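Engineer: In our numbering, the protein residues as written are 831 to 956. The beta carbon of each residue, even a glycine, is placed where N, CA and C say it ideally should be. In this text the structure is predicted, and so the values were computed from the model without any measurement.
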Amino acid sequence: MVDAPPLWDSEPDSNPFPHKPSQQQKPEYRDRYRNGFPTDVLEWLKQNEPDDFAELMDLRKSLYARRTKGKYRIRLAGLTSIGEQKMLLTGPTSAVLILSDKARHFLLRTLCRLRRARRWQPIRYR
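1) Output the distance between the C-alpha atoms of THR940 and TRP874, rounded to the nearest integer angstrom.
2) Please name the residue, chosen from THR923, GLU879 and LEU909, that lies closest to LEU975 on a Cα-to-Cα basis.
3) Classify LYS876 as helix, strand or coil using the three-state DSSP reduction.
4) Restricting to Cα atoms, I'd like to know which of GLY866, GLN877, VAL871 and MET887 is closest to PRO952.
5) Going by alpha carbons, who is nearest to ASP870 out of ARG954, VAL926 and ASP931?
6) In the DSSP assignment, the alpha helix (DSSP H) including LEU889 goes from what residue to what residue?
7) What does the Cβ neighbour count give for ALA933, buried or exposed, with the cut at 16 atoms within 10 Å?
8) Note down the Cα distance separating THR774 from PHE867, rounded to an integer number of angstroms.
9) Can you find the residues in the same chain that come closer than 7 Å, C-beta to C-beta, to LYS901, ignoring five residues on each side of it along the sequence?
10) Classify ILE928 as buried or exposed, calling it buried when 16 or more other Cβ atoms lie within 10 Å of its own Cβ.
11) Determine the direct distance from the alpha carbon of ARG954 to that of ILE904, and round the result to whole angstroms.
12) With H, G and I counted as helix, E and B as strand and the rest as coil, what does DSSP make of LYS932?
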């Protein structure tokens, strides 16, 4: 019992393991998927923005039909761990990995806002 520390000499520390700030902070969300493709839809749209209404319609049609149309190529990439369809959308300058239908619909809504901001003609369905 000689090696045991004294029990009542001082008050114990409130935090025996002080927090050491790490040099590299993890991002709050993952901007890249495991295979290295970026997943940030807004950043991709800044780089691959449609120049005119026809390109906007090509992008919308490719997202709705999940098929290649015009400058925008779609490659289906299997299923996520929760069973949602993944797709790789490649534009004129870069590619983005769309991991869910929510991300795809978000991109479609953003394209609608872009159409209104540019004052392009309304979308007519035949």
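Structural biologist: According to the data block:
1) 12 Å
2) This structure gives no information on residue 975, because the portion of the chain shown stretches from 831 to 956.
3) helix
4) MET887
5) VAL926
6) 883 to 895
7) buried
8) With the chain covering only 831 through 956, there is no way to say anything about residue 774.
9) GLU885, ASP888, GLY921 and PRO922
10) buried
11) 23 Å
12) helix
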